[in-house]
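Be aware that the sequence shown starts at 1, since it is given in my numbering, and climbs by one per residue.
These notes concern the structure reproduced below.
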Amino acid sequence: MAKTFTSTQWKEIKRKIAKMKGKKTDIKGYRRLLAIHMRGLGKSDLEISELLGYSVYYIPELVSKYKKQGMDAIINDKRTSNNRRMSFEEEGKFLEHFVELAEAGQIITVNGILHKFEEVTGKESNTSTIYKLLKRHGWRKVKPRPRHPGKASDEEIEASKKLTKNSERSYWKKITETIETNTRNTSG
């Protein structure tokens, strides 16, 4: 403990652990605080990572962050995987332009939306960002039709099945007659 934290820091960690214990308001912050507490108790980074599910390399990073920035940096770290550049409403307004283009008959691509998104936000993004944005707003990929629009009707298909090799109008009968005639002429 003495090597890792000062006595003031250690008291602050223990006080905050006691205060947050049992409350389910900030579970991620509590887990980060537990990692620091365990480090103060002398547990190794490997033991802490196995108990809490953090990477072995993340534990020293947490301790360093606490020492440099204090308790607020650990508890109030609200980073999530949702690193949006716009609010949900702003995204909706952004997509309205593409709805108008689609209604006008233009083809909309993810790369086109991405290019416009990068212009608006001023930062580079990936197509995965656009796919997630579209999913949040209920857009979907257009699926192919269940059948070709120019497909023959069922009656036409049945009528074509009646044109067999034995039919008078059969194309195949004419071909076989031509082959038989040619073989007779060449052999005789």
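From the three backbone atoms N, C-alpha and C, an ideal C-beta is built for every residue, glycine too.
Please read these numbers as outputs of a predicted model, since none were measured by experiment.
Assumed close pair residue i, residue j - CB separation to whole angstroms, cut-off 8 Å
i, j, result
"Leu62", "Arg32", "6 Å"
"Ile59", "Asp45", "4 Å"
"Asp26", "Ile75", "7 Å"
"Met38", "Tyr30", "Their Cβ separation, rounded to whole angstroms, is 12 Å, which puts Met38 and Tyr30 out of contact at 8 Å."
Which of helix, strand or coil DSSP assigns to residue i
i, result
"Ala2", "Any reading at Ala2 is ruled out, since the residue's pLDDT is 43, under 50, leaving its predicted position unreliable."
"Glu204", "Since the displayed the chain opens at 1 and closes at 188, residue 204 lies outside it and no answer follows."
"Lys68", "helix"
"Thr8", "helix"
"Val99", "helix"
"Val63", "helix"
"Arg192", "Because the chain spans 1 through 188 in this model, residue 192 falls outside it and cannot be assessed."
"Met86", "coil"
"Val56", "coil"
"Asp45", "helix"
"Lys116", "helix"
"Lys191", "It is not possible to answer for residue 191, since the shown part of the chain is limited to 1 through 188."
"Tyr132", "As written in the sequence, residue 132 is Lys, which differs from the Tyr given in the question. It is helical."
"Gly22", "coil"
"Asn76", "coil"
"Gly40", "helix"
"Arg184", "helix"
"Ile17", "helix"
Alpha-carbon spacing of residue i relative to residue j, whole angstroms
i, j, result
"Met1", "Lys65", "The pLDDT assigned to Met1 is 43, lower than 50, so where the model puts this residue is not dependable; a value taken from the coordinates is nonetheless given after this. So the two alpha carbons sit approximately 17 Å from each other."
"Glu12", "Glu90", "41 Å"
"Arg140", "Ile130", "12 Å"
"Lys23", "Gly70", "21 Å"
"Lys14", "Ser49", "20 Å"
"Lys28", "Gly40", "19 Å"
"Glu118", "Phe94", "12 Å"
"Ile17", "Ala104", "59 Å"
"Ile113", "Tyr57", "37 Å"
"Glu96", "Pro146", "29 Å"
"Tyr54", "Ile36", "12 Å"
Of the residues the options, the one placed nearest residue i, counting alpha carbons only
i, options, result
"Gly42", "His115, Pro149, Phe5", "Phe5"
"Val99", "Glu50, Ser7, Gly138", "Gly138"
"Leu34", "Lys23, Gly22, Leu52", "Leu52"
"Phe88", "Gly70, Ile36, Ile48, Leu133", "Leu133"
"Thr127", "Val120, Val110, Lys135, Glu119", "Val110"
"Lys68", "Asp154, Gln9, Ser153, Gly150", "Gln9"
"Arg136", "Asn182, His37, Gly92", "Gly92"
"Met86", "Ser153, Ile157, Thr121, Thr178", "Thr121"
For residue i, the first and last residue of its enclosing alpha helix (DSSP H)
i, result
"Lys161", "154–161"
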